[in-house]
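See structure below.
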Amino acid sequence: MFLHPPFFGTCIIEKVSLETLVSYINRKFLFHVLWKFKASATADSEGILRRLILEERQKHLIGAKAVYGYFLCQSVGDELIVYSDAKIEICRFEFPVRGDKPSLARYFQTTSDVVAFQLVTAGQRVIDYSNELLAQDQYQDYFYWQGLAAAVAEAMAEFMHRHIRVELGFAAEEPASPEEFFQSKYRGERFSFGYPACPNLADQSKIVKLLDAGRIGVKLSESAELVPEYSTSAVVVLNLDAKI
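For what it's worth, this note's numbering labels the leading residue of the sequence shown as 80, then goes sequentially.
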């Protein structure tokens with residue numbers, strides 16, 4: 080199946096509001112993993128989240144942005160070669176076989192195919208604000224804002240992943256509830272570097288360059304980590320069999 084994107088190259092999405100992203104926030108992950116509340120304290124967690132949303136609305140602390148793009152590609156063995164729309168090679172990625180799971184390259188055609196990449200960030204301002212809280216010994220709110228920033232980055236990744244699926248014509252296959260989003264009950268999957276499917280974290284440099292991520296204020300550290308901290312990148316695979 081050859082995908083038909085609305086464009087080739089990159090596109091920036093700016094100023095995605097926290098209100099827009101709230102439905103994409105995995106509350107179980109935020110409340111119980113990041114904030115470390117017990118399951119019985121959900122009401123307290125919801126109250127804190129509402130308070131932070133109100134504060135964010137007043138102070139504009141979240142700077143959620145994204146850059147994404149569609150590129151021609153082809154697989155050669157365990158490598159995925161990415162081309163410009165003029166069929167000039169831009170870069171290539173090598174994806175390992177993962178036990179009984181194939182290399183990600185095997186989910187793409189060996190002749191000609193399309194791959195999507197995305198890179199999102201919650202912005203620098205929320206980090207600066209939480210550090211101000213820490214300097215003022217407001218440890219609890221520092222902890223809450225750090226957790227929310229991490230959850231927002233994941234929510235933005237989910238938001239953009241859905242945007243790509245819909246843009247490519249798969250709206251009819253979208254999950255009916257947020258819970259199904261968090262269980263990846265949609266077509267394909269997104270894969271981030273530093274994890275088993277894409278273990279070479281240094282390959283993030285290729286995505287940063289490919290998407291020109293500096294336009295949304297994201298750069299790469301010397302250790303190949305994205306800066307600002309609450310930023311994520313991913314390869315988007317639309318093959319039905321592709322799952323983490």
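In this text, a Cβ means the ideal position worked out from N, Cα and C, and glycines have one as well. Predicted model only: the values in this text are computed from it and were never measured.
Between S310 and V199, the C-beta spacing is below 8 Å. In the three-state reduction of the DSSP assignment, T189 falls in the coil class. Taking a cut-off of 8 Å on C-beta distances, the stretch 194-208 touches the stretch 138-152, as three or more cross pairs fall below it.
Using a 10 angstroms sphere on the CB of R269, the tally of other CB atoms reaches 16 or more, which defines it as buried. Counting along the chain, the unbroken alpha helix (DSSP H) around Y221 starts and ends at Y218 to E246. The straight-line gap separating the alpha-carbon atoms of E233 and F261 is approximately 10 Å. Excluding the 5 residues flanking it on each side, H240 has same chain C-beta neighbours closer than 6 Å at R269, in chain order.
Boundaries of the beta strand (DSSP E) harbouring E168: E168 to E173, taken from the DSSP string.
In this chain, the beta strand (DSSP E) harbouring Q153 covers K144 to V155.
Contact between F249 and V194 does not hold, since their C-beta atoms are separated by about 15 Å, which reaches or exceeds 8 Å.
Within the same chain, L198, Q283 and I286 come within 6 Å of S312 by CB-CB distance, once the 5 residues on both sides are set aside. Separation of S163 and L212 (C-alpha to C-alpha, rounded to the nearest whole angstrom) is 45 Å. Residue nearest to A145 within the set I323, K94, E173 and A251 is K94 (criterion: CA-CA distance). Residue pairing from DSSP leaves K107 without any beta-bridge partner.
As the crow flies, the alpha-carbon of L247 is around 38 Å from that of F116.
Put simply, of I92, F81, L82 and G88 the residue whose alpha carbon is nearest the alpha carbon of H242 is I92. Judged by beta-carbon spacing, E253 lies within the 8 Å limit of V245, meaning their Cβ atoms are closer than that value. The Cβ atoms of A230 and L109 lie closer than 8 Å to each other. D192 and D220 have their C-alpha atoms roughly 47 Å apart.
T311 is bridged by DSSP to V199. Counting the other Cβ atoms within 10 Å of the Cβ of Q153 gives 16 or more, which makes it buried. In this structure, F196 places its C-beta atom within 8 Å of the C-beta atom of G148. Each residue's CA atom was taken as its position, placing A184 and Q217 some 47 Å apart. R177 carries a strand assignment under DSSP once its states are collapsed to helix, strand and coil. By a beta-carbon distance limit of 8 Å, A143 contacts M235. Their separation comes to about 5 Å.
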